[in-house]
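For the sequence shown, numbering that gives the first Met the number 0 gives the first residue as 0, with consecutive numbering after it.
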Amino acid sequence: MNPTIARLKGRLVVSCQALPDEPLHSPFIMGRMAYAAMLGGAGAIRANTPADIVEIRRQVDLPLIGLYKRIVPGSPVYITPTMAEIDALVDAGADVIALDATDRPRPDGLEIGAFFRAVRKKYPGQLFMADCATFEDGMRAQALGFDLAGTTLAGYTDETRARPLPDFELIERLSGALQVPLIAEGGIWTPEQLARAFTCGAYAAVVGTAITRPREITRRFADVLPQPEGVGRP
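Structure representation (structure tokens):
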């Protein structure tokens, strides 16, 4: 087994991401966030953008799952959508590159099979993680040659939006059918949910918002309180 993949087994992957409209948007802050996660027991980090990945690499000696979110008008695919983002993540030194592996229209006009075959041909030695929404996505990703599959996009596509998160049913079904490791991701808010993901057969599991997005964490608490008269939520 690849040594990077072996290091992920049974471990918590902490997603350290902050988009441009978020208060913590900064490679420096994400680097410190990843360092704090490592001290807390994280076994790997998932990070967005080459700049964040480079900074996080300076701070931690953990496997890095890199992705590059870019919104392209006319396409719902935004997680590492084209070869340009793949190239940038390779240059940044991501150990694993995550990309949208659904069958939705891509901004480059290619379906996922044609796109990933081109990616694999260009980077035969790179590890790739398939961000999936459905059982079919995961099985297709394995057939295409992805090294890992994740339930990242379950609940975030039109056909899965009504699914409860975490999607334990999908985690259990995919982990039982795939030969490649299954990474549980999406909607894990509590230690109990994390433990259940592993009980369902996950090889590793990603937790993001519940650990690294204080604005959203604060809102979960604030939203249960009466709203002061004349004061609106930010």
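Just so you know, even glycine gets a beta-carbon here, dropped at the ideal spot from N, CA and C.
- prompt: What are the uninterrupted segments assigned as beta strand (DSSP E) that are 3 or more residues long and contained completely in the segment 38 to 78, given in chain order?
  reply: 43 to 47 and 63 to 66
- prompt: So what's residue 127 in DSSP terms, helix, strand or just coil?
  reply: One-based indexing of the sequence shown puts residue 127 at position 128. Residue 127: strand per DSSP, three-state reduction.
query: What is the rounded straight-line gap between the Cα of residue 21 and the Cα of residue 3?
result: Taking the sequence shown and counting its residues from 1, one reaches residue 21 at position 22. Taking the sequence shown and counting its residues from 1, one reaches residue 3 at position 4. Taking the straight line joining both Cα atoms gives about 31 Å.
query: Which residues share a DSSP beta bridge with residue 30?
result: Translated into the one-based positions of the sequence shown, residue 30 becomes position 31. None; residue 30 has no bridge partner.
query: Which partner residues does residue 13 have in the DSSP bridge list?
result: Within the sequence shown, numbered from 1, the residue matching residue 13 stands at position 14. DSSP, once it has assigned bridges, lists 44 and 206 as partnering residue 13.
message: Could you tell me the alpha carbon to alpha carbon distance between residue 14 and residue 106, rounded to whole angstroms?
response: Indexing the sequence shown from 1 puts residue 14 at position 15. Indexing the sequence shown from 1 puts residue 106 at position 107. Taking the straight line from one Cα to the other gives about 25 Å.
message: Let's see if you can read the secondary structure: which residues bound the beta strand (DSSP E) around residue 181?
response: As a position in the sequence shown, residue 181 is number 182, starting the count at 1. Residue 181 -> beta strand (DSSP E) spans 181 to 184.
- prompt: Smallest Cα separation from residue 25: which of 52, 224 and 151?
  reply: As a position in the sequence shown, residue 25 is number 26, starting the count at 1. Among 52, 224 and 151, the Cα nearest to that of residue 25 is on 52.
query: Using CA coordinates, which residue listed in 11, 40 and 59 is at the minimum distance from residue 34?
result: For the purposes of this step, residue 34 is taken as residue 35 along the sequence shown, with counting starting at 1. Ranking the options by Cα distance to residue 34, first place goes to 59.
query: If we call anything under 9 Å between Cβ atoms a contact, is residue 146 one with residue 95?
result: Position 147 of the sequence shown, counted from the first residue, corresponds to residue 146. Position 96 of the sequence shown, counted from the first residue, corresponds to residue 95. In this structure, residue 95 lies closer than 9 Å to residue 146 by Cβ.
Cβ neighbours of residue 69 in the same chain (closer than 7 Å, five flanking residues each side left out): Numbered from its first residue, the sequence shown carries residue 69 at position 70. Answer for residue 69: 77, 80 and 84, listed in chain order.
- request: Would you kindly report the start and end of the unbroken alpha helix (DSSP H) that includes residue 194?
  value: In the sequence shown, residue 194 corresponds to position 195, counting from 1. 190 to 198 is the span of the alpha helix (DSSP H), which, as asked, contains residue 194.
task: Could you tell me which residues DSSP puts in a beta bridge with residue 148?
output: Looking up residue 148 in the sequence shown gives position 149. 129 and 181.
- prompt: Closest to residue 122 by CA distance: which of 90, 48, 38 and 227 is it?
  reply: In the sequence shown, residue 122 corresponds to position 123, counting from 1. When 90, 48, 38 and 227 are compared, the shortest CA-CA separation from residue 122 is found for 90.
task: Pair every Cβ in the segment 160 to 168 with every Cβ in the segment 192 to 203, then say whether three or more of these pairs are closer than 8 Å.
output: yes
- prompt: Over what stretch of residues does the beta strand (DSSP E) that includes residue 7 continue unbroken?
  reply: Reading the sequence shown from its first residue, position 8 is the one you call residue 7. Where residue 7 is concerned, there is no enclosing beta strand (DSSP E), although the alpha helix (DSSP H) it sits in stretches over 2 to 7.
- prompt: Is the number of C-beta pairs between the segment 215 to 230 and the segment 197 to 206 that are closer than 8 Å three or more?
  reply: no
- request: Could you spell out where the beta strand (DSSP E) holding residue 96 opens and where it closes?
  value: Indexing the sequence shown from 1 puts residue 96 at position 97. Start and end: 95 to 99.
- prompt: Taking buried to mean at least 16 other C-beta atoms within 10 Å of its own C-beta, is residue 72 buried or exposed?
  reply: Translated into the one-based positions of the sequence shown, residue 72 becomes position 73. Counting Cβ neighbours within 10 Å, residue 72 comes out exposed, since fewer than 16 surround it.
message: Measuring only the C-alpha atoms, how far is residue 221 from residue 214?
response: As a working mapping, residue 221 is identified with position 222 in the sequence shown. As a working mapping, residue 214 is identified with position 215 in the sequence shown. Their Cα atoms are separated by approximately 10 Å.
Simplified DSSP assignment, three categories, for residue 83: In the sequence shown, residue 83 corresponds to position 84, counting from 1. The answer is helix: DSSP assigns residue 83 an H, G or I state.
- prompt: Which residues in the same chain have their Cβ closer than 7 Å to the Cβ of residue 57, if we skip the five residues on either side of it in sequence?
  reply: Here residue 57 corresponds to residue number 58 of the sequence shown, with the count starting at 1. 30.
- prompt: Just to confirm, are residue 134 and residue 9 a CB contact at a threshold of 9 Å?
  reply: Here residue 134 corresponds to residue number 135 of the sequence shown, with the count starting at 1. Here residue 9 corresponds to residue number 10 of the sequence shown, with the count starting at 1. Taking 9 Å as the Cβ cut-off, residue 134 and residue 9 do not qualify as a contacting pair.
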